Structure formats: structure tokens, C-alpha cells
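Novice: One structure is given below, represented as C-alpha cells, and several questions about it will come after.
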Amino acid sequence: MKKRSRRRSLAAGLLMGGALVVVGSGYAVVSAETTPAPPAGTTSSVEQLQLGRQLFLEGCSSCHGLDGEGIAADNATGGNGGPSLIGVGEASVDFQVSTGRMPLAVPEAQAPRKDVLYSQDEIAALAAYVATLGPGPANPTEEELNLEGANIAEGGEIFRTNCTQCHNFAGSGGALTDGQYAPAITDATPKQIWQAMVTGPQQMPVFSNETITPEDKKNLIAYVESLKVEPNNGGLGLGRLGPVTEGLFVWTAGLFFLIAAAVWIGAKVR
Ligand code: HEC
Ligand code: HEC
236 MKKRSRRRSL
246 AAGLLMGGAL
256 VVVGSGYAVV
266 SAETTPAPPA
276 GTTSSVEQLQ
286 LGRQLFLEGC
296 SSCHGLDGEG
306 IAADNATGGN
316 GGPSLIGVGE
326 ASVDFQVSTG
336 RMPLAVPEAQ
346 APRKDVLYSQ
356 DEIAALAAYV
366 ATLGPGPANP
376 TEEELNLEGA
386 NIAEGGEIFR
396 TNCTQCHNFA
406 GSGGALTDGQ
416 YAPAITDATP
426 KQIWQAMVTG
436 PQQMPVFSNE
446 TITPEDKKNL
456 IAYVESLKVE
466 PNNGGLGLGR
476 LGPVTEGLFV
486 WTAGLFFLIA
496 AAVWIGAKVR
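Count along the sequence shown from 1, then add 235; that gives the number in my numbering.
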């Protein structure tokens with residue numbers, strides 16, 4: 236008696252589960268027609284792509300076009316305009332949105348880092364959706380961002396060769412031409428540093444995995460991380476230009492003090 240009812244509820248459960256699978260896959264087939272298929276080799280689900288597409292239409296399409304094809308800034312509708320996102324890849328979207336650069340609020344010479352408007356899940360959805368528009372740079376894997384055993388000295392070498400001319404020795408940034416600037420990179424997470432290298436936002440060149448190997452990217456990121464924790468022994472923020480500049484500063488200040496003292500003594504004597 237007990238046994239039979241248990242068997243019956245098991246059968247009902249199986250039937251229910253089967254029905255759910257049928258309905259669910261039917262739904263997936265229907266909705267797959269309206270959203271792009273996940274690109275091969277990614278783990279994005281249909282739901283994630285739908286969310287991404289929806290967020291894109293609401294927050295990005297006014298400047299980047301309904302299908303990410305881009306809008307000219309000076310078009311007849313007076314729209315803000317934005318470049319095509321076809322082929323920029325998930326790394327670019329993740330970088331731009333996770334640093335708050337996008338959505339752009341006001342058109343200006345350079346999109347600054349600002350408060351982030353989307354959750355981590357929403358950013359992933361936006362990135363996954365844009366990645367379906369065309370192949371582009373992917374986000375780094377966890378393994379690629381595992382800094383354990385990275386060579387900081389080697390990373391410093393690569394940083395000085397490739398990055399200091401714009402971002403300065405301390406990674407604190409500097410001015411470029413045309414009112415543009417290279418920002419401080421010490422606010423960026425390891426993931427964002429990687430993304431900046433593979434996507435090259437605005438004036439920044441792209442450092443592909445051929446130019447700077449994944450191994451060297453890891454070393455470089457470990458070096459930038461070390462800049463964040465290293466106390467600035469210079470005391471005064473002179474851009475860590477080294478002992479010569481700082482020595483010069485002390486020397487000038489000392490000279491100024493001596494002159495002031497001489498003038499003061501001279502005035503007393505008279
Ligand atoms: C007000 C207009 C505007 C809105 C809204 C906007 N963008 Fe942009 N976007 C721009 C402009 C202009 C640029 C190019 C200048 C720049 O990179 O700073 C740009 C650049 C980008 C880039 C870099 C493209 C590249 O070549 O690597 C990405 C990615 C991007 N936007 C994604 C988004 C996403 C995602 C949203 C919605 C969350 C969004 N944008 C909303 C105007 C806009
Ligand atoms: C030619 C000048 C130039 C060089 C060389 C350069 N960058 Fe940049 N970098 C820029 C500019 C300009 C931006 C800001 C772009 C924007 O806001 O869209 C930037 C942005 C960044 C950011 C984002 C900062 C943030 O948190 O918002 C990081 C990280 C970064 N660069 C890392 C690097 C690294 C690492 C290298 C060397 C491998 C490098 N850059 C080389 C010009 C440069």
C-alpha cells in the first residue's frame with residue numbers, strides 16, 4: 236500500500252519533469268529564433284544573450300545602433316553617435332562597462348572612468364551579446380590571471396618598455412596631445428589591465444598576445460599590482476621620477492631656505 240503510493244508519486248514526478256523538459260526545450264527553440272546563437276566555444280546561455288540584447292537595446296543602441304552597427308555622430312536625427320561594436324569582442328565591452336566608461340553620459344574628448352551602472356551579471360550578458368555580433372578579443376581566463384609565481388622584475392621591464400611613455404613610471408598617467416590623457420592605471424583590476432592591452436581603448440595601442448605574450452602580460456600585471464602596494468618612499472608625489480628629481484627638489488628648497496635666512500639676517504643687522 237505504502238509502496239504503491241510511493242511508486243505512483245515517483246511516476247508523477249517523472250511525468251512532470253518530462254513535461255518541463257519538453258516545454259523548456261520548445262521555448263528555447265522558439266526564443267533562439269529571436270536571439271543570436273551562442274558563439275562556438277563559449278558558455279553563454281540563451282537567457283544570458285536575451286538579457287544582454289535587452290540591456291543593449293535599452294542602454295546602448297541609441298548611440299551604437301539597434302544591431303551594434305554604429306551611428307554617425309552628425310546624422311540627421313542629431314544622435315550622439317558611437318562606433319560599430321561588431322568585432323570589438325567581449326573584452327572591450329567588459330572593460331568599457333566595468334570601468335564605467337560606458338554608457339557614455341556626455342560626448343567629450345575622452346570617456347573617463349566613472350561609477351559603474353551595471354551589475355557583474357549584466358556586464359557579462361552585454362559582453363556575451365556583443366560577442367555574437369562578430370569575433371573579437373576574449374576576456375582572460377582565470378588561469379591567465381593567476382599571478383602566482385609571476386616574475387615582477389620581468390614585468391617591470393616590459394612595463395617600462397611599452398607603457399611608461401604614456402602612463403609614467405609610477406603608472407599614474409600623463410597628458411597626451413589634443414587634450415587627451417593616459418589615465419592612472421592603479422585603479423584598474425588585473426582583468427581590466429589585461430582587457431586594456433588586448434583592446435587598446437582610444438589612443439592606446441593594442442598589445443596582442445603576439446606583441447606581449449600571455450606569460451609577459453601576467454608578469455606585467457603582477458608588477459602593476461606591486462606598484463599599488465609599494466609605499467611611495469619619495470614622500471612628495473613627484474611621479475617617482477627617482478632620486479635625481481627628488482634630490483633636485485630638496486636642493487632647490489634648501490637653497491631657497493638659505494637665501495631667506497640671509498635676507499632675514501641682513502634685515503636684522505640694518
Ligand atoms: C551617448 C552615446 C553612447 C552610449 C549611450 C553608449 N556608448 Fe559606447 N561609445 C560611444 C562613443 C562615442 C564611443 C567611442 C569613444 C570612446 O571609446 O570613448 C564608444 C565606445 C564604446 C566601446 C569601445 C569600442 C571599441 O572600439 O573598442 C564599447 C565596447 C562600447 N562603447 C560599448 C557600449 C555599451 C555596452 C553601451 C551600453 C551599456 C554603450 N557603449 C553606450 C558612445 C556611447
Ligand atoms: C600611446 C599611449 C599609451 C600607451 C603606450 C599605453 N597606454 Fe594604456 N591607455 C592610454 C590611454 C589614452 C588610455 C585611456 C583610454 C580611454 O579612456 O578610452 C589608456 C588606458 C589604460 C588602462 C585603463 C585605466 C583605467 O583604469 O581606467 C589601463 C589598465 C592601461 N591603459 C594599461 C596600459 C598598459 C599595461 C600599457 C603597456 C603595455 C599601456 N597601457 C600602454 C594610452 C596608452
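For glycine and all other residues, C-beta sits at the position ideal for the given N, C-alpha and C. Remember, predicted model here, so these are calculated numbers, not experimental data.
1) Assign G317 to buried or exposed, taking buried as 16 or more other Cβ atoms, counted over all protein chains shown, within 10 Å of its Cβ.
2) Can you grab the Cα-Cα spacing for the pair A263 / K349, in whole Å?
3) In the DSSP assignment, find the unbroken alpha helix (DSSP H) run with A344 in it and report its ends.
4) Looking only at C-alpha atoms, which of A419, Q415, L411 sits nearest to F404?
5) For ligand 1, is there a heavy atom less than 7 Å away from the beta-carbon of T367?
6) If we count the other Cβ atoms within 10 Å of its Cβ and call it buried at 16 or more, is G391 buried or exposed?
7) Taking the straight line between their C-alpha atoms, what separation do you get for N444 and I387?
8) Look at the Cβ atom of T434, then the Cβ atom of S327, and state whether they are nearer than 8 Å.
9) What does the Cβ neighbour count give for D422, buried or exposed, with the cut at 16 atoms within 10 Å?
10) Going by DSSP, name the residue or residues bridged to I306.
11) The alpha helix (DSSP H) that contains Q430, what's its start and end?
12) Are there three or more Cβ pairs, one per stretch, closer than 8 Å when the segment 350 to 361 is compared with the segment 446 to 465?
13) Indicate whether L286 and H299 have their beta-carbon atoms separated by less than 8 Å.
14) Given 7 Å as the limit, tell me if F404 has its C-beta closer than that to any heavy atom belonging to ligand 2.
15) Among the residues of its own chain, which have a CB less than 6 Å from the CB of G294, if the five just before and after it don't count?
16) May I ask you to report which of helix, strand or coil DSSP gives Y353?
17) What span of residues does the alpha helix (DSSP H) with S327 cover, start to end?
18) Taking V332 as the reference, which of P370, R395, L361 has the closest Cα?
19) Does the Cβ-Cβ distance between K453 and A385 come in under 8 Å?
20) For ligand 1, I want to know if S354 counts as a neighbour, meaning its beta carbon is within less than 7 Å of at least one of the ligand's heavy atoms.
21) Given 7 Å as the limit, tell me if Q430 has its C-beta closer than that to any heavy atom belonging to ligand 1.
22) In this structure, how does DSSP classify G408 when only helix, strand and coil are distinguished?
23) Within 10 angstroms of the Cβ of F491, are there 16 or more other Cβ atoms? Answer buried if so, exposed if not.
24) Suppose you measure from the CA of T412 to the CA of P436; what does that come to, to the nearest Å?
25) Evaluate R395 with the Cβ neighbour count: other Cβ atoms within 10 Å of its Cβ, from every protein chain shown; 16 or more gives buried, anything less gives exposed.
Specialist: Taking the geometry as given:
1) buried
2) Low per-residue confidence applies at A263: pLDDT is 45, beneath 50, and the placement is therefore not dependable, though the value from the model is reported in the following sentence. So the alpha carbons of these two residues sit roughly 37 Å apart.
3) Unbroken run through A344: none, as it is neither H nor E.
4) A419
5) no
6) buried
7) 19 Å
8) yes
9) exposed
10) G317
11) 425 to 434
12) no
13) no
14) no
15) P338
16) coil
17) 324 to 333
18) L361
19) yes
20) no
21) no
22) coil
23) exposed
24) 16 Å
25) exposed
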